Structures are given as structure tokens and as C-alpha cells.
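S.K.: For reference, the structure I am asking about is given below.
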Amino acid sequence: MKIFQVALGILAAIGGFVDIGDLVFNVSAGATFGYQLLWVVVIGVVGIVVYSEMCGRVAAVSGKAVFDAVRERVGFKAGLAALVSSQVVNLMTLTAEIGGVAICLQLLSGLPYRWLIVIAGVALLVVVWVTAFEWIERIFGYGGLCLLVFAVAAVKLHPAWGSVGHGFVPHMSTQSPLLYAYFAVGLLGAAMTPYEVYFYSSGGVEERWGPKDLKLNKVNAMIGYGLGGFLSFALMITGGALFLEKGIQPEFLGTITLGAEVPLGQIGLLLALVGILFAVSGAAIDTLFSGAYNLAQFLGWEWGRYRHPRGAPRFTVTWAVLLVLALGLVMTGVDPVQLTEYAVIFSAVALPLTYVPIFLVANDRTYMREYTNGRLANVLGLLYLVVIVIIALTAIPLMILTNVGQN
Amino acid sequence: MTGSIDLGLNVLDHQLLDSENRRCGKVDDLALEGGPGEALELVAILCGPGVWRARAGLIGRAAAWLGGGGRVRIPWEDVAGVGSHVKLRKRAEELGLGRGDDRLRPYLEKIPGADR
């Protein structure tokens, strides 16, 4: 029974791994560089596994979620800076995800886009208000599993498996190294998006994890995120096998679904659209809550997605306000795919502000007692801090130099 | 409470929990009393947006202004324990904490499904 539940949780995590940032960056990276950047996805996925395990462990042992730890460790001033930057990035991401939901609905129904933004907003509000959170996670997680159609599509497109394999070995054969670096930074940013750890650690605190849950935490992080990374490979391979040869740059979400439609026909298209719809809606809900978690944890308010809205009023109002703000931003007609690129790049800049305090807390005996980082977590954690700092410093210059990946 | 507490690391910026374990703010600042050369005594925890002004320069002032500038002083005698959180002896309402949640609650309760 227990194994069954863990398996269900893992399935939901796989379905919930991919969001609009992963879709956009993996497919465009494939369309631009073929399979060359697969190794970067591996690095990104290992990074999110390392840091979500750390955040889950901090939550289980100390009962503190990310922004509790951030404020306690770096103080009010630096904490406030981290809060403001993460909220800006979160709102951008949320806006992009909601735009993505509306685009999927439009492709499925043919109704006007603006109407569908409103429908998407109301639907999200109602789902979050009336559905128990266990169910939200399952519904969107399982729905997101439809994205596995891209794995089938990737095989059906008969990629040159030799070059796919070669893609897992770091190498670069291109005339435009800057663009290559831009995509590498984007893929890492998309895989290690901070909202995932905010959400994950807050969930751990809410479910009252204790030291006895540390094994579950490890399994969840490794298998859930690890297999989620498998979907990223599939997306990049379809991008490489289909779009690179034809010279197509997928600038629309609809183009991405071609990756499944061309090899698998109508059923492929439908599964891809439904998968994207669920994955992106689930991500919209995660980002929505992450924004509310961060603010409530920083200011010490009551918070929790498992609580009745009346049990955590300011938290509830915060997510409602964020939803309205994001809907307003989507309504301005901003292109969700382009906004996604900006959101991922800016989130890369904000990464150190989240991951450095977590690393410090995970090594602090006063919080963690005997459960501080082991040698592996510390070596990997430090390596990734170096990677994260490099990403943060280079993200915006690369964005400017490559004209947001247009070159 | 036995032994020593590192005020900077174990009290400042930590979560406040009231006697019923309600989350009701953070330790935004500490009030110490005592002149130069005398023993310093911790007399109170300071809490609320009005305290942020002194802690983060310009963005602190902006945040304080956004938050309405209120401040609450909790006498150190009302602290029951310092562990992972700072636990208080009284209920949040008695101390004037968590008022934002209390003010919003009646409105939320009017919406169906607020207590599912």
C-alpha cells in the first residue's frame, strides 16, 4: 500500500515536472542545436534533485520552509531583496503559464484567446478554491503524463541515435558559441526554477515531515525529478529530429505540438495538447502558491495550501491577488512564449539568492542536528553553487548579446 | 531556558508562535536596555512594518510604508521558549499580533467553501 502511494506520488511528480519554461527551452534548443545540449539537461536535473533533497531535508528536520530559512540566515535586508526578486520572477512565470493554458484551450476549442484567458483564470480559481490539494496534485500530475507522447514521438521520428548518445557528452560544434551558451543557461534555469523548491519544501512542512520521512524525501526528489528529466530529453529530441532539419524555430506553443502530430497524427496532437494543458495548469497553481508561500513565510503569517482559506486569510488573499495581477498581465497581449524566455533567464539571476541560504542552513547543526549535509550533498551542493553563480552572472549579458536567443 | 542563546542567530528574524501555535509574525527587531559599560538587558521583541524602516534602508522604508507602519512591542517576559521558533505565552490577539489575518477573516468567511 505504501509503495503504491509512493508510486502515485512519483507519477504525479513526473507529470508535474515540465512547465512552459521546459517546453520552450527544450524544444527550441533541439530545433537550434539538435541533440548537442542534452548533457546540459542532465546537469540541470541533477541540480534540482540535489537542492530539492536539501530543501526537503531542511523542512523535515527543522520544520522550516525556504523563505523562513532565507530570512533567518541572511537577515531582513538581503532576505527582502531575495523576496522581491523571487516574487517578480514568480509573477512572470505565473503569467506565462496562464498564457500557456489559454493558448492550449484555444488550440483545443478555437474560441477567441482573450475569452479563454478569463476562462482559464476563473477555472484555476475555482479548482484551487474547491479542490482538496491532494487531488489538485494528482489530477494535474496524471494529466501531465500525457506528455509521454513526446517520448513515443521521439522514437518514431527515428533520430540518429548515435548523435543522441553523443549529445550526453559535453561538446560544442557550432558557429555561434554565444547562442549555445544562452541555451545552456536557459536549460539550466528552466530545470532548476526556484519555484519548484519553494513549493516542495513548503509541502514538506505542511505534511509535517520528520526525520523518519527523510528516505521518502530522497526517493521523491531522485525519482520524481529524475524521471521528469526524461520528458525534457524527449522534448529536445523531438525538437532536434523534426525542427532542426526543416529549419523551423518553434515560436508558438502550437508549433511544439507538431513534434507529436507529425509522427503520430491526430491522436498525438491531442495527447500533446492535453498533456501541455495539464502540465502548464499544474505549474500555474504551483507558482501561484509559491508566491503566497514566500511572502507569508518572510512575514511570519499563517500559510498553507491544506488549510481552509479562513485559517490563513492573508495567504489566501495573496494568491488571489497574484492570480488577478497575472491575468491582467496576460490580458495586455504579451506573448507567453517570449515572456517564458525572460522569466527563465531572470530566474537564473535569482537562483543564488535562494540556493545559497539553503546550502548554509543544510550545513548548520543548530538547525539540522545530525542530519546536516553529507559529503556527497556538500560536494555536489558546492559545485552547483559555482554553476549557479556563473549562470546568474552570465544570464543577462547572454540574453542581450544573443537578442533573446534570436541571434 | 537554560544555557545561552545567540540572539542574532536564534531569535532575530525567527517565527513567532502564540500560545495556540498560531503563526503571528516574525521577530523583526529586539529592544535592549542598559547604558555603556552596564549589563545589557533584553526587554522586548519588536514586530511589525514600522520596525522594518530601520533594518533595510530604502527598500525597508518602502516596505514599511506599504505595510502601514504599525509596530508591536512584546515584553520578553511573554516569551515562553526559544527553539526552532519563538514561542509566546499569550494568544496573538492579546498581544496585538496577527491582526491582518483577523481583519480579513470575516470577509473570507462569507465566500462559500472557505472552510472546506
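Chains as they are written, first to last, in our numbering: chain A, 92 to 498; chain B, -10 to 105. C-beta atoms are modelled at their ideal positions from N, C-alpha and C, and glycine is treated no differently. All values derive from a computational prediction rather than experimental measurement.
Contact criterion: CB-CB distance below 8 Å. Does Ile48(B) meet it with respect to chain A?
M.R.: Here residue 48(B) corresponds to residue number 59 of the second sequence, with the count starting at 1. So yes, Ile48(B) belongs to the interface.
S.K.: By Cβ distance, which residues of its chain are closer than 7 Å to Met(-10)(B), with the 5 residues on each side in sequence left out?
M.R.: Sequence index remark: in the second sequence, residue -10(B) carries index 1 (1-based). In this predicted model, Met(-10)(B) has a pLDDT of only 47, less than 50, meaning its place in the structure is not dependable; the value taken from the coordinates is given anyway. These residues qualify, in order along the chain: Gly70 and Val71.
S.K.: What residues from the stretch 51 to 73 of chain B come within 9 Å of chain A, judged by C-beta to C-beta, listed N to C?
M.R.: Listed by position along the chain: Ala52, Gly56 and Ser73.
S.K.: Helix, strand or coil, according to DSSP, for Ile34(B) in the structure here?
M.R.: By one-based count along the second sequence, residue 34(B) stands at place 45. Looking at Ile34(B) - three-state DSSP - the assignment turns out to be strand.
S.K.: Using beta carbons (cut-off 8 Å, strictly below), is Lys99(B) in contact with chain A?
M.R.: Residue numbering aside, residue 99(B) sits at position 110 when the second sequence is read from its first letter. It does not; no Cβ of chain A falls within 8 Å.
S.K.: Which residues in chain A sit within 9 Å of Arg80(B), going by Cβ to Cβ distance?
M.R.: On the second sequence, position 91 is the one that residue 80(B) refers to. Chain A residues near Arg80(B): none, gap ~14 Å exceeds 9 Å.
S.K.: Among the candidates Ser8(B), Gly14(B), Ser(-7)(B) and Asn10(B), whose CA atom is the shortest distance from the CA of Leu390(A)?
M.R.: Your numbering for residue 390(A) matches position 299 in the first sequence. Out of Ser8(B), Gly14(B), Ser(-7)(B) and Asn10(B), Gly14(B) has the C-alpha closest to the C-alpha of Leu390(A).
S.K.: Between the Cα of Leu361(A) and those of Gln197(A), Gly166(A) and Asp159(A), spot the shortest distance and give me the residue it belongs to.
M.R.: Here residue 361(A) refers to the residue found at position 270 when the first sequence is read from its first residue. Looking at the Cα atoms, Gln197(A) is the closest of the given residues.
S.K.: Under three-state DSSP, which class holds Thr493(A)?
M.R.: By one-based count along the first sequence, residue 493(A) stands at place 402. Reduced to three states, the DSSP call for Thr493(A) is coil.
S.K.: Is it the case that the Cβ atoms of Arg62(B) and Leu21(B) are separated by a distance below 8 Å?
M.R.: Start at 1 with the first residue of the second sequence, and residue 62(B) comes out as number 73. Start at 1 with the first residue of the second sequence, and residue 21(B) comes out as number 32. Their beta carbons are not under 8 Å apart, which means Arg62(B) does not touch Leu21(B) by this criterion.
S.K.: Note down, in chain order, every chain B residue with its Cβ under 8 Å from the Cβ of Arg162(A).
M.R.: Translated into the one-based positions of the first sequence, residue 162(A) becomes position 71. Those within 8 Å of Arg162(A) in chain B are Asp2 and Lys15.
S.K.: List in chain order: all unbroken beta strand (DSSP E) runs of 3+ residues lying wholly within the stretch 5 to 75 of chain B.
M.R.: Runs found: 12 to 15, 18 to 22, 30 to 36, 61 to 64 and 68 to 71.
S.K.: Pull out every residue of the stretch 18 to 39 of chain B whose Cβ sits closer than 7 Å to any Cβ of chain A, in chain order.
M.R.: Flagged: no residues at all.
S.K.: Using a 10 Å radius around the Cβ and a threshold of 16 neighbouring Cβ atoms, would you call Lys99(B) buried or exposed?
M.R.: The residue given as residue 99(B) occupies position 110 in the second sequence. With fewer than 16 other Cβ atoms within 10 Å, it is exposed.
S.K.: Under 8 Å: do the stretch 416 to 435 of chain A and the stretch 135 to 143 of chain A share three or more Cβ pairs, one atom per stretch?
M.R.: Judged by Cβ distances under 8 Å, the stretch 416 to 435 of chain A makes no contact with the stretch 135 to 143 of chain A, as fewer than three pairs qualify.
S.K.: Going by C-alpha distance, which of Val495(A), Ala122(A) and Val137(A) is nearest Ile314(A)?
M.R.: Here residue 314(A) corresponds to residue number 223 of the first sequence, with the count starting at 1. Selected option, being the one with the closest Cα: Val137(A).
S.K.: Unbroken beta strand (DSSP E) runs of length 3 or more, entirely within the stretch 214 to 263 of chain A: which are they?
M.R.: You should have found no qualifying run.
S.K.: Is the stretch 472 to 487 of chain A in contact with the stretch 438 to 454 of chain A, if contact means three or more CB pairs nearer than 8 Å?
M.R.: Yes: at least three Cβ pairs fall under 8 Å.
S.K.: For Arg42(B) and chain A, any beta-carbon pair shorter than 8 Å?
M.R.: Stepping through the second sequence from its first residue, residue 42(B) is reached at position 53. Chain A contact via Cβ: absent.
S.K.: Pull up the CB-CB distance for Leu368(A) and Cys195(A), whole angstroms please, since I reckon it's below 8 Å.
M.R.: In the first sequence, residue 368(A) corresponds to position 277, counting from 1. In the first sequence, residue 195(A) corresponds to position 104, counting from 1. At roughly 4 Å, the Cβ-Cβ gap stays under 8 Å, so Leu368(A) and Cys195(A) are in contact.
S.K.: Based on the DSSP secondary-structure assignment, which residues constitute the bridge partners of Leu77(B)?
M.R.: The count along the second sequence starts at 1 and reaches residue 77(B) at position 88. The partner list for Leu77(B) (beta bridge, DSSP) reads Val68(B).
S.K.: Please return the same chain residues whose Cβ sits closer than 6 Å to the Cβ of Leu199(A), not counting the five positions on each side in sequence.
M.R.: Here residue 199(A) refers to the residue found at position 108 when the first sequence is read from its first residue. These residues qualify, in order along the chain: Leu364.
S.K.: Count the C-beta pairs between the stretch 207 to 220 of chain A and the stretch 369 to 388 of chain A that are closer than 8 Å, then say yes if the count reaches three, no if not.
M.R.: With a cut-off of 8 Å, the stretch 369 to 388 of chain A and the stretch 207 to 220 of chain A count as touching, because enough Cβ pairs lie within range.
S.K.: If you draw a straight line from the alpha carbon of Glu287(A) to that of Glu30(B), how long is it in whole angstroms?
M.R.: For the purposes of this step, residue 287(A) is taken as the residue at position 196 of the first sequence. For the purposes of this step, residue 30(B) is taken as the residue at position 41 of the second sequence. Taking the straight line from one Cα to the other gives about 43 Å.
S.K.: Please classify Thr457(A) as buried or exposed, where buried requires at least 16 other C-beta atoms within 10 Å of its C-beta.
M.R.: One-based indexing of the first sequence puts residue 457(A) at position 366. With fewer than 16 other Cβ atoms within 10 Å, it is exposed.
S.K.: For chain A, find out if any of its Cβ atoms is closer than 8 Å to the Cβ of Arg88(B); answer yes or no.
M.R.: The residue you call residue 88(B) lines up with position 99 of the second sequence. Answer no: the Cβ-Cβ gap between Arg88(B) and chain A never drops below 8 Å.
S.K.: Return yes when the Cβ of Val415(A) is within less than 8 Å of the Cβ of Leu117(B), no when it is not.
M.R.: This structure gives no information on residue 117(B), because the portion of chain B shown stretches from -10 to 105.
S.K.: Please check if any C-beta of chain A sits within less than 8 Å of the C-beta of Leu85(B).
M.R.: Position 96 of the second sequence, counted from the start, is the residue given in the question as residue 85(B). Note on identity: in this sequence residue 85(B) is Gly, with Leu being the wrong assignment. So, not an interface residue.
S.K.: Enumerate in chain order the residues of its own chain whose CB-to-CB distance from Asn385(A) is below 8 Å, with the five nearest sequence positions on each side excluded.
M.R.: As a working note, residue 385(A) is residue 294 in the first sequence. Cβ neighbours of Asn385(A) beyond the five flanking positions: Val157, Phe158, Leu174, Ser177, Gln178, Asn181 and Tyr289.
S.K.: Hey, is the stretch 73 to 80 of chain B in contact with the stretch 0 to 11 of chain B, meaning 3+ C-beta pairs nearer than 8 Å?
M.R.: Touching, yes, given that three or more Cβ pairs across the two stretches are closer than 8 Å.
S.K.: So, Glu188(A) versus Ala375(A), is the Cβ gap smaller than 8 Å?
M.R.: Within the first sequence, residue 188(A) is the residue found at index 97, counting from 1. Within the first sequence, residue 375(A) is the residue found at index 284, counting from 1. Yes, they are a contact pair.
S.K.: Using the beta-carbon of each residue, which ones in chain A are nearer than 7 Å to Leu93(B)?
M.R.: Locating residue 93(B) in the second sequence gives position 104, counting from the first residue. The answer, in chain order, is Pro404, Arg405 and Val408.
S.K.: Any beta carbon of chain B sitting closer than 8 Å to that of Glu393(A)?
M.R.: Walking along the first sequence from the start, residue 393(A) turns up at place 302. For Glu393(A), the answer is yes, since a Cβ of chain B falls inside 8 Å of its Cβ.
S.K.: Measure the CB-CB distance between Thr463(A) and Gly121(A) and report whether it falls below 8 Å.
M.R.: Residue 463(A) sits at position 372 when you count from the first residue of the first sequence. Residue 121(A) sits at position 30 when you count from the first residue of the first sequence. Not in contact: Thr463(A) and Gly121(A) (Cβ atoms no closer than 8 Å).
S.K.: In whole angstroms, what is the alpha-carbon distance linking Ala33(B) and Glu66(B)?
M.R.: Numbered from 1 along the second sequence, position 44 holds the residue referred to as residue 33(B). Numbered from 1 along the second sequence, position 77 holds the residue referred to as residue 66(B). Distance between the alpha carbons of Ala33(B) and Glu66(B): 8 Å.
S.K.: Take Gly102(B) as the anchor and find which of Ala434(A), Trp220(A), Ile101(A) and Ala332(A) has the nearest alpha-carbon.
M.R.: Looking up residue 102(B) in the second sequence gives position 113. Among Ala434(A), Trp220(A), Ile101(A) and Ala332(A), the Cα nearest to that of Gly102(B) belongs to Trp220(A).
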